[in-house]
Amino acid sequence: MRLIKDLFVKKNSITVNIEAINGLHLRPCAKIASLAKEFPFDINFIFNNQSANAKNMNEILSLGLEYGNEITIITKGKNAKDALNEIKTLLDELSTHDSKISSSDEELLNNENQIISYDGEIKAGVSICGGVCVANIHFMNSELCGNEKMEFSNALLKSLDELEILSNDNENREKDIFLAQKAMLDNLPNSSYEIFNKAIIDSIKMLENTANQSKIADYKDIEKRVFDKMNGILIKDLPSYDFILISNELLPSEIKNISTSGIKGVIVQNISPRSHVALLLRSYNIPSITVDDISKLINIDNEIILDASSGLVAINPSRNDMDIANSRINKANMKSKSDASDRFETATTKSGKIIKILANITDYDSAVEAKESGCEGIGLLRTEFLFQTTKPTLDKQLYEYSRIFELFDEVTVRTLDVGGDKKLPYLIIPDEENPFLGVRGIRLFETHLDLMKEQLLAILLAKQSGEVKIMFPMVATVDEFVNAKNIAVDIATKNDISLDGISFGIMIEVPSVLFLIEEFNKVVDFYSIGTNDLSQYLFAIDRTHASLKIDSYSSVLFDAIKLIRKQSTKPVSICGELASDIKVIKTLVDIGIETLSVTPAMIPTIKARIRDV
Ligand code: PEP
Ligand code: MG
0 MRLIKDLFVK
10 KNSITVNIEA
20 INGLHLRPCA
30 KIASLAKEFP
40 FDINFIFNNQ
50 SANAKNMNEI
60 LSLGLEYGNE
70 ITIITKGKNA
80 KDALNEIKTL
90 LDELSTHDSK
100 ISSSDEELLN
110 NENQIISYDG
120 EIKAGVSICG
130 GVCVANIHFM
140 NSELCGNEKM
150 EFSNALLKSL
160 DELEILSNDN
170 ENREKDIFLA
180 QKAMLDNLPN
190 SSYEIFNKAI
200 IDSIKMLENT
210 ANQSKIADYK
220 DIEKRVFDKM
230 NGILIKDLPS
240 YDFILISNEL
250 LPSEIKNIST
260 SGIKGVIVQN
270 ISPRSHVALL
280 LRSYNIPSIT
290 VDDISKLINI
300 DNEIILDASS
310 GLVAINPSRN
320 DMDIANSRIN
330 KANMKSKSDA
340 SDRFETATTK
350 SGKIIKILAN
360 ITDYDSAVEA
370 KESGCEGIGL
380 LRTEFLFQTT
390 KPTLDKQLYE
400 YSRIFELFDE
410 VTVRTLDVGG
420 DKKLPYLIIP
430 DEENPFLGVR
440 GIRLFETHLD
450 LMKEQLLAIL
460 LAKQSGEVKI
470 MFPMVATVDE
480 FVNAKNIAVD
490 IATKNDISLD
500 GISFGIMIEV
510 PSVLFLIEEF
520 NKVVDFYSIG
530 TNDLSQYLFA
540 IDRTHASLKI
550 DSYSSVLFDA
560 IKLIRKQSTK
570 PVSICGELAS
580 DIKVIKTLVD
590 IGIETLSVTP
600 AMIPTIKARI
610 RDV
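Numbering (numbering that gives the first Met the number 0), first residue to last: 0 to 612.
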């Protein structure tokens, strides 16, 4: 009788896209089956010509449904439409809850957060850059060591004095080098920093590919010695032996210098993991944590363990603690060696998807490091870190961009992103109540048009055979982008520069863009998601805030990325710190992100992680 009745009942169907980034795994399948059982008629999921009874969890599971798959749900019965709608609603809900992080990333996250227990007294903090190291401490009090910035003339005199002392030091095996550098410095024109700097650039150019090429390093050293003083970097006397730096404050401009000392790790008071200091520490791969109070740590004269992966300092480690730390260090070294051996290979997932790995850089040295680490191009050149002391001349900019561009087939160069926590002494922005909400990034086209025009001209002139992608930061509206792009096109036309191989795009950092993607699709060539600022603006928490923390793994951020990915018709990459976080790589790949721009030091590790997905 039922069979006959069924013949006359109309079939209903609905097509649904699987939006859960982890696909339909055990828990969602169980929930769907239990809902389907509430209806007195058959409900079937059809996928790839295969049918599964929706009341049977195992049958749904056997369809192996993944993110992006399209399924048809078929039923027939009296309230069939209601059933279909309820199941669709449940699927949508499950996707929303599932969007946080994929299961294997979650496993990694849990492993990373494993509590390692040490016998000795512990000081806990928050991890900035993972890693473990053992060394004595070196305390640096920023107030005492003074970050006073010098005028060029004083910086020059001080540098000459230093070189004089170094060249007279009989203990110093390199005294002859310093003597030669002093003579070189003495002979350089020095009526202004610009003239001095141009002379150095010209000398370096003349020495390239000659028998005296080795002198280039001396010119660079001289420039750095003077530059550091102008920039208030007076902490160069850090020990050359192994040490863990304890400091009450660090500045972005100090990190490069620190990295060339015997530094093994950093413990710094109260910085935000998303501040620029933090991201530079990560870019130099220096194990680092931030603690609320360093006073307990400054007078220790034994070796300590900095377990930055666990966010801990073992103040007076036992023999057993030392064994634990050393075995973790050895393991990490072995893993990084094996990752490094494959660093020039493409990063291909197990299912054959190729993920392009680009690098985030700040200058020529980091560009070289990125190339050596296996990147396939530059996804973010943070130009504001290139010229920190004085306004660079057009020539100087041209020189710096050219030598970076010539290393790669593809470079994304970001126009000056000053403002917020990044300041330049020659770019005056009147005091603001909320600098992160004030003049920053593309808004400099409103306030410092000539400077921005000069930068665009330098970038356009520096382009060589490779592709140059000009990227504007802090874009909130379509008009801002169109205006900045028109200025660039105008400059190219006026200077007879071809726009072949030049493209224009935006960073997605301001939430308004999430609602304007369809409009942006009509004008931009590409997008790069700046998750550092996007998180800051989504949650309205200052990224440098010492105590208010943003949840890096919040589903809100992943939903935003999914939305961008879904709505964009142009290539999308991620260049924020999230892309360098191995704990979310699978999730990002599952969402459909195909290009990641990461910190150079992380390239081999990220590639290895992708191969495991
Ligand atoms: C970002 O905001 O994610 C980003 C990459 O830019 P920056 O960190 O330089 O502000
Ligand atoms: Mg940003």
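Heads up, the beta-carbon is just placed ideally off N, CA and C, and yes, glycines get one too. Predicted model only: the values in this text are computed from it and were never measured.
Asked	Found
Which listed residue (Ile-245, Val-276 and Asn-332) has its alpha carbon closest to that of Ile-297	Ile-245
Any non-hydrogen atom of the ligand PEP within 7 Å of Gly-418 CB	no
Beta-carbon proximity of Val-555 to Leu-537, cut-off 8 Å	yes
Contact between the stretch 121-135 and the stretch 323-339 (3+ Cβ pairs under 8 Å)	yes
Coil, strand or helix - Leu-62 by DSSP	coil
Spatial distance of Leu-2 from Ile-45 (CA atoms)	Annotation note: pLDDT 47 at Leu-2 (below 50); position unreliable, no value reported.
Nearest to Lys-484 (by Cα), restricted to the options Phe-519, Ser-271 and Thr-345	Phe-519
Sequence-distant residues of the same chain with beta carbon closer than 7 Å to Glu-58, five excluded per side	Ala-51 and Asn-52
Neighbouring residues (CB closer than 7 Å to any heavy atom of the ligand PEP)	His-275, Leu-278, Asn-359, Leu-379, Arg-381, Asp-416, Pro-472, Met-506, Glu-508, Gly-529, Thr-530, Asn-531, Asp-532, Leu-533, Cys-574, Gly-575 and Glu-576
Under 8 Å between C-beta atoms of Thr-492 and Tyr-192	no
Where Ser-340 falls: helix, strand or coil (DSSP)	helix
Buried versus exposed call for Phe-514 [16 or more other C-beta atoms within 10 Å across all chains shown]	exposed
Validate contact between the stretch 591-611 and the stretch 364-384 using beta carbons, cut 8 Å, 3 pairs	yes
DSSP bridge partner residues for Ile-353 (one or two, in chain order)	Thr-347
Coarse secondary structure for Glu-445, derived from DSSP in three states	helix
Distance, Thr-411 Cα to Leu-587 Cα	21 Å
Cβ-based neighbour list, Val-481, same chain, cut-off 8 Å, excluding 5 preceding and 5 following	Val-522
Phe-525: first and last residue of the uninterrupted beta strand (DSSP E) it sits in	525-528
C-beta contact flag for Leu-443 and Leu-415 at 8 Å	yes
Of the listed residues Met-333, Ser-579, Lys-54 and Leu-184, nearest to Asn-359 (C-alpha basis)	Ser-579
Top-ranked residue by Cα proximity to Lys-606, from Tyr-398, Leu-459, Met-473 and Phe-343	Phe-343
Sub-8 Å separation of Tyr-363 and Glu-409 beta-carbons	no
Three or more C-beta pairs below 8 Å linking the stretch 556-573 and the stretch 290-307	no
Cα-Cα separation between Ser-116 and Leu-393, rounded to whole angstroms	55 Å
Where Val-512 falls: helix, strand or coil (DSSP)	helix
Where the alpha helix (DSSP H) containing Asn-485 begins and where it ends	477-493
Reference Leu-357; option with closest CA among Ser-350, Lys-349, Thr-347 and Ala-369	Ala-369
Spatial distance of Lys-30 from Ala-559 (CA atoms)	26 Å
With 16 other Cβ atoms within 10 Å as the buried cut-off, status of Gly-529	buried
Closest Cα partner of Ala-82 within the set Asp-589, Ala-32, Leu-93 and Gly-67	Ala-32
Where Ala-539 falls, given that 16 or more other Cβ within 10 Å makes a residue buried	exposed
N-terminal and C-terminal residue of the alpha helix (DSSP H) that Phe-44 is part of	No alpha helix (DSSP H) holds Phe-44; the beta strand (DSSP E) holding it covers 42-46.
Length-filtered (4 minimum) alpha helix (DSSP H) runs lying within the stretch 152-210	174-186 and 192-206
Cβ neighbour criterion (16 or more within 10 Å) applied to Asp-201	exposed
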